[in-house]
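Protein chains in written order, with this note's numbering: chain A, 4 to 307; chain B, 18 to 332; chain C, 11 to 404. Even for Gly, the Cβ is constructed at its ideal location relative to N, Cα and C.
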Amino acid sequence: MQRWSSAPDPATDTGWRDTPARKGFFTDSSICIGCKACEVACKEWNGIPEDGLEMLGMSYDNTGALGASTWRHVAFIEQPRRPTGGGGFTPLPMVAATSDQNSPASAAETGIRWLMSSDVCKHCTHAACLDVCPTGSLMRTEFGTVVVQDDICNGCGYCIPACPFGVIDRRDGPAGARNVGIAQKCTLCYDRLGEGMTPACAQACPTKSILYGDLEELRITAQHRVEELHTAGVADARLYLADPNDGIGGAGAFFLLLDDPEVYGLPPDPVVTTRDLPAMWRTAAIAGAILLAGAAAAFVRARP
Amino acid sequence: MVPQATFTSYYGRPVVKASPWKSDIPAYLFLGGLAAGSSLLAAGADLRNLPELRRVARIAALAGVAAGGAALIHDLGRPARFLNMLRTAKPTSPMSMGTWILTAYGPMASLAGASELAGLLPWKLPIAGRLLSLGARPAGLVAALLAPALASYTGVLLSDTATPAWHGARRELPYIFVGSAAAAAGGLAMCCAGLEQAAPARRMAVGGAVVALAMEQRMEQSLGLSAETLHSGKARTLMAANRALTAGGAVGTIALGGRNRVAARAAGAALLAGSVCARFAIFEAGQLSARDPRYTVIPQRERVDRTTALDAGRS
Amino acid sequence: MRRLAWDYPLLGGDEPDAEAVLREINGRHLSGEKAGRMLNSFGEMQADGSTAGGCWIYTGVYSDGVNQSARRKPGSEQSWVAPEWAWAWPMNRRILYNRASADPAGNPWSARKAYVWWDEAAGKWTGHDVPDFPVNKPPSFRPAPGTGGPDGLAGDDPFIMQADGKGWLYAPSGLLDGPLPVHYEPVESPVRNALHPQQANPTREMFPRNENLTSPSPPQPGADVFPYIVTTYRLTEHHTAGGMSRWSPYLAELQPEFFCEVSPELAAERSLEHLGWATIVSARTAIEARVLVTDRITPLIVGGRTIHQIGLPYHWGVGGGGAIVSGDSANDVMGVALDANVHIQESKAASCDIQPGRRPTGAALPRYVEAYRRRAGLSIETGTTRVTPPEGRA
Numbered sequence: 004m005q006r007w008s009s010a011p012d013p014a015t016d017t018g019w020r021d022t023p024a025r026k027g028f029f030t031d032s033s034i035c036i037g038c039k040a041c042e043v044a045c046k047e048w049n050g051i052p053e054d055g056l057e058m059l060g061m062s063y064d065n066t067g068a069l070g071a072s073t074w075r076h077v078a079f080i081e082q083p084r085r086p087t088g089g090g091g092f093t094p095l096p097m098v099a100a101t102s103d104q105n106s107p108a109s110a111a112e113t114g115i116r117w118l119m120s121s122d123v124c125k126h127c128t129h130a131a132c133l134d135v136c137p138t139g140s141l142m143r144t145e146f147g148t149v150v151v152q153d154d155i156c157n158g159c160g161y162c163i164p165a166c167p168f169g170v171i172d173r174r175d176g177p178a179g180a181r182n183v184g185i186a187q188k189c190t191l192c193y194d195r196l197g198e199g200m201t202p203a204c205a206q207a208c209p210t211k212s213i214l215y216g217d218l219e220e221l222r223i224t225a226q227h228r229v230e231e232l233h234t235a236g237v238a239d240a241r242l243y244l245a246d247p248n249d250g251i252g253g254a255g256a257f258f259l260l261l262d263d264p265e266v267y268g269l270p271p272d273p274v275v276t277t278r279d280l281p282a283m284w285r286t287a288a289i290a291g292a293i294l295l296a297g298a299a300a301a302f303v304r305a306r307p
Numbered sequence: 018m019v020p021q022a023t024f025t026s027y028y029g030r031p032v033v034k035a036s037p038w039k040s041d042i043p044a045y046l047f048l049g050g051l052a053a054g055s056s057l058l059a060a061g062a063d064l065r066n067l068p069e070l071r072r073v074a075r076i077a078a079l080a081g082v083a084a085g086g087a088a089l090i091h092d093l094g095r096p097a098r099f100l101n102m103l104r105t106a107k108p109t110s111p112m113s114m115g116t117w118i119l120t121a122y123g124p125m126a127s128l129a130g131a132s133e134l135a136g137l138l139p140w141k142l143p144i145a146g147r148l149l150s151l152g153a154r155p156a157g158l159v160a161a162l163l164a165p166a167l168a169s170y171t172g173v174l175l176s177d178t179a180t181p182a183w184h185g186a187r188r189e190l191p192y193i194f195v196g197s198a199a200a201a202a203g204g205l206a207m208c209c210a211g212l213e214q215a216a217p218a219r220r221m222a223v224g225g226a227v228v229a230l231a232m233e234q235r236m237e238q239s240l241g242l243s244a245e246t247l248h249s250g251k252a253r254t255l256m257a258a259n260r261a262l263t264a265g266g267a268v269g270t271i272a273l274g275g276r277n278r279v280a281a282r283a284a285g286a287a288l289l290a291g292s293v294c295a296r297f298a299i300f301e302a303g304q305l306s307a308r309d310p311r312y313t314v315i316p317q318r319e320r321v322d323r324t325t326a327l328d329a330g331r332s
Numbered sequence: 011m012r013r014l015a016w017d018y019p020l021l022g023g024d025e026p027d028a029e030a031v032l033r034e035i036n037g038r039h040l041s042g043e044k045a046g047r048m049l050n051s052f053g054e055m056q057a058d059g060s061t062a063g064g065c066w067i068y069t070g071v072y073s074d075g076v077n078q079s080a081r082r083k084p085g086s087e088q089s090w091v092a093p094e095w096a097w098a099w100p101m102n103r104r105i106l107y108n109r110a111s112a113d114p115a116g117n118p119w120s121a122r123k124a125y126v127w128w129d130e131a132a133g134k135w136t137g138h139d140v141p142d143f144p145v146n147k148p149p150s151f152r153p154a155p156g157t158g159g160p161d162g163l164a165g166d167d168p169f170i171m172q173a174d175g176k177g178w179l180y181a182p183s184g185l186l187d188g189p190l191p192v193h194y195e196p197v198e199s200p201v202r203n204a205l206h207p208q209q210a211n212p213t214r215e216m217f218p219r220n221e222n223l224t225s226p227s228p229p230q231p232g233a234d235v236f237p238y239i240v241t242t243y244r245l246t247e248h249h250t251a252g253g254m255s256r257w258s259p260y261l262a263e264l265q266p267e268f269f270c271e272v273s274p275e276l277a278a279e280r281s282l283e284h285l286g287w288a289t290i291v292s293a294r295t296a297i298e299a300r301v302l303v304t305d306r307i308t309p310l311i312v313g314g315r316t317i318h319q320i321g322l323p324y325h326w327g328v329g330g331g332g333a334i335v336s337g338d339s340a341n342d343v344m345g346v347a348l349d350a351n352v353h354i355q356e357s358k359a360a361s362c363d364i365q366p367g368r369r370p371t372g373a374a375l376p377r378y379v380e381a382y383r384r385r386a387g388l389s390i391e392t393g394t395t396r397v398t399p400p401e402g403r404a
């Protein structure tokens, strides 16, 4: 019985032969300018409906979170300047705010840094959504990405609580929109990849904060970038989900962040839930056996 | 470890998503458990020649699996596509496994139940009736063999998610659910069958109640921080009601269940209601634990910090 | 009309291929041995019908048949001017008049900032950018006396579109408010001009009418009725303007409401609630906006006084059927006073007040604004004084 996928190349592990190199995204938040072009380009290409017209008051983020009708989400975080040294951060030249030298005593705290980062489906090596999907609608592509087959999904919703990142969701509306009632998430532009094209978000990103390419190469690029930032004194720079030994086996879409993942709404130590599934099945088997034995015992003294 | 008083999140928004499931799913957890427990009771009654208990339990199993199946289909985003569940069989998907368990169990329990219903008709069904009565025993026995899987897999169904209060209770949920199934099935039989024939039902109900209550206690320890969600919001009332009804029902069963028909019915009804409350309480606690980022972020942050401290200690 | 190009290939229905349109704008050779080839610069355009192009400044964007504007070579792989990142009109030149980056002799003023320079050996201008100068005109070139036009400019006259080829700091003619640059306060300002007694630009164009009143600035009385500064800006999420943004669902959902950005200090001073409503009042009218409290807006300290500023994004409006989002317009609180030289409206700074809650509507709105005007003692003449009277005689 196949437990959770464990091979380093998830496409081959799934049964694909002669696969192209595993594809992915490296999102470098240190050069994200928060323009949201990725959100718009994604919606244009994939024909995703508008996802609510509510002002959220979360800095300039009125998108809020990834969901069935939001496959890229740019987070905006405004942080008051903390004292440097110790747990403080080093401002990047391009994101540092200047404080007024003539301001009163509190002026040291008036500067802020404005963090932006474009979130997306992680296309996990060990993908819980794919593991738990009962219809086989969620599938591993030859590029190692994870895609919902719209014509198969019956909207059971199991993938939604299974995802450790809260990415996938069931489209509830608007009425008449495409794919209402079924699970939806980033496809890493499967239809573009097949044509040798770059996914829409990466294509639209004006600063190359979103890089698309072969995952192995992206990991090397990312390692160089984080070292470059450390050399430049940006001690807060760190890679997130780039490690193949983490709880999801590393992500197909990973990130360079300037603060803890939870600051951006990301889980600090995600683990694919199906890692514990064999143990859970054993527990269930024992529980079932106890029920059977208990029921039998209940009839031991029964008189006809 | 004392939970951190503060934690960081993105404007307090959830990290993981709560399931989109409505009350259909906790209702199914109850109905499926009721059916499973009832099939076991029915098989025992069949083998021990307790026709009244057998009739009640077979009909309960039929009703439970029919209503439970309907709830499952109703909960789908595309109910018309429910048959897509049968495209594949995936051990990594408890829902897929559950579908196949139900697919095997449902017709068996239905056949056994249908033969009892046919017997209640004021007229005889000539051919169908004979076929039903011939098939009832083997079908009922197969259903009883599948019933433990039906009662316990739902614990894995909930645990195999990133929902903190469900995944955190993975070592207890299957036990709680089989206990709850036994209590519910026993309780229903106590309500509907005579005092004498219901004796095995009483024993099963009390045993189930004890297992469920004990494992719920252990779940509180396993959950750590997210145990809070069992005592917040809707889950708080439901959990309290579950404990009172299940414990009260069990005590009532032991004290008066074999002697007083009214008391037996009251105790049985309490056990049934307790089982409903347990399923809804655990469902609601999970939903709450997914919606509040503290239950996702704090334990993970503590894990990271422990690993970092360990690594620092080694180097 | 019939000679225009209409035969663009269509992509997905009735959408013309944008690259084909860009190629047409770039222009191409129609006849001769290069027929069909893209024009590489507007210098290749001919008046004899042998070439065609859509817009001369864009010629070169498709030079060599490549979409130069789609280039994304990283800055680390080319010079610091990064000429191979996208394309700029005209001729992919990134800084105009760039001959001024070299001294009169044609050498960079600073080796570190070398930009374009005269290459004596090659006898031409060269550098990191495309030189904005006749490429073979040496620094030492001096025109014959009496030569006019571009040929009359010397080799050290970098401002080639100017009659004398010079950039002017002292401008004895041409500017209505010359000859030297100086700082003036905006027409509406909460403070006195710290540089000199003249408060605002005396040459500004004004339109003193009842609908376009101006609030007083110090030293005139009544300035404290509108104690805050309101400024305007655009949002990245808006494409061009409201007409192109508020009707587009993908843009409307990114910025769904008109808001005012205020500092936590101002929010506390005026009891403004984050995401609540606020009314912004100027001498013209009052508008309402959702409140966005942010640390990015900081109070200014001017002359020892704390001056709060309020930020309003442009491009909201109401009406115009079918818009997905709507809101009051920042334009309505801004006054109309124009710069005398280029006639541009002063829309980046004005005086205002802010109050929590939504604005009155209907007839109550003019009454509400009128009460402010009375308290500030506004008339049509307020703020129209051109020359600030000496202090103490206001």
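Local conformation of residue i per DSSP, three classes
{"i": "Ser121 (chain A)", "result": "strand"}
{"i": "Thr30 (chain A)", "result": "strand"}
{"i": "Gly225 (chain B)", "result": "helix"}
{"i": "Met114 (chain B)", "result": "helix"}
{"i": "His227 (chain A)", "result": "helix"}
{"i": "Gln319 (chain C)", "result": "strand"}
{"i": "Arg116 (chain A)", "result": "strand"}
{"i": "Ile90 (chain B)", "result": "helix"}
{"i": "Ala344 (chain C)", "result": "Per the sequence presented here, residue 344 (chain C) reads as Met, with Ala not at that position. In the structure shown, Met344 (chain C) sits in coil (DSSP, three-state: anything other than H, G, I, E or B)."}
{"i": "Ser79 (chain C)", "result": "helix"}
{"i": "Asp63 (chain B)", "result": "helix"}
{"i": "Asp153 (chain A)", "result": "coil"}
{"i": "Pro26 (chain C)", "result": "strand"}
Per-residue burial, residue i [other beta carbons within 10 Å of its own, 16 or more giving buried]
{"i": "Lys34 (chain B)", "result": "buried"}
{"i": "Gly329 (chain C)", "result": "exposed"}
{"i": "Glu245 (chain B)", "result": "buried"}
{"i": "Thr276 (chain A)", "result": "buried"}
{"i": "Ala6 (chain B)", "result": "A question about residue 6 (chain B) goes unanswered here, because the residues of chain B that appear run from 18 up to 332."}
{"i": "His227 (chain A)", "result": "exposed"}
{"i": "Glu380 (chain C)", "result": "exposed"}
{"i": "Arg396 (chain C)", "result": "exposed"}
{"i": "Phe268 (chain C)", "result": "buried"}
Are there three or more Cβ pairs, one per stretch, closer than 8 angstroms when the region 359-372 of chain C is compared with the region 286-306 of chain C?
Cβ pair count under 8 angstroms is three or more, so yes.
Give a yes or no on contact between the region 195-205 of chain B and the region 137-150 of chain B, applying the rule of three or more CB pairs nearer than 8 angstroms.
In short, these stretches do not touch, since the Cβ pair count stays below three.
Can you list, in chain order, the residues of the region 255-285 of chain A whose Cβ is nearer than 8 angstroms to any Cβ on chain B?
Under the 8 angstroms Cβ criterion, the region 255-285 of chain A contributes Asp263, Glu265, Val266, Tyr267, Gly268, Leu269, Pro270, Pro271, Asp272, Pro273, Thr276, Thr277, Asp279, Leu280, Ala282, Met283 and Trp284.
Ordered list of alpha helix (DSSP H) runs contained in the region 265-309 of chain B, each at least 4 residues
Runs found: 278-308.
Tell me which residues of the region 204-232 of chain A have at least one Cβ-Cβ distance to chain B shorter than 9 angstroms, keeping chain order.
So nothing in the stretch comes that close.
Tell me which residues of the region 134-163 of chain A have at least one Cβ-Cβ distance to chain B shorter than 8 angstroms, keeping chain order.
Result list: Asp134, Val135, Cys136, Pro137, Thr138, Gly139, Ser140, Ile155, Cys156, Asn157, Gly158, Cys159, Gly160, Tyr161 and Ile163.
Can you find at least 3 beta carbon pairs, one from the region 243-256 of chain A and one from the region 48-56 of chain A, that sit closer than 8 angstroms?
The region 243-256 of chain A, when compared against the region 48-56 of chain A, does not touch it at the 8 angstroms Cβ threshold.
May I ask you to verify whether the region 306-324 of chain B touches the region 174-189 of chain B, counting CB pairs closer than 8 angstroms and requiring at least 3?
Cβ pair count under 8 angstroms is three or more, so yes.
In chain order, what residues of the region 230-249 of chain C put their CB closer than 7 angstroms to some CB of chain A?
For the region 230-249 of chain C, which is checked against every Cβ of chain A, the residues closer than 7 angstroms are Thr246 and Glu247.
Below 8 angstroms, how does it come out for the region 202-222 of chain C and the region 366-375 of chain C: are there three or more Cβ pairs, yes or no?
Verdict: no, contact absent.
Cβ contact check for the region 294-305 of chain A and the region 49-59 of chain B: 3 or more pairs under 8 angstroms:
Touching, yes, given that three or more Cβ pairs across the two stretches are closer than 8 angstroms.
Mind checking the region 319-341 of chain C against chain A and listing, in chain order, the residues whose C-beta falls within less than 8 angstroms of any C-beta there?
Along the region 319-341 of chain C, the positions whose C-beta sits under 8 angstroms from a C-beta of chain A are Ile334 and Val335, read in chain order.
Members of the region 260-284 of chain C that neighbour chain A once the beta carbon cut-off is set at 8 angstroms
Listed in sequence order: Tyr260, Leu261, Ala262, Glu263, Leu264, Gln265, Pro266, Glu267, Phe269 and His284.
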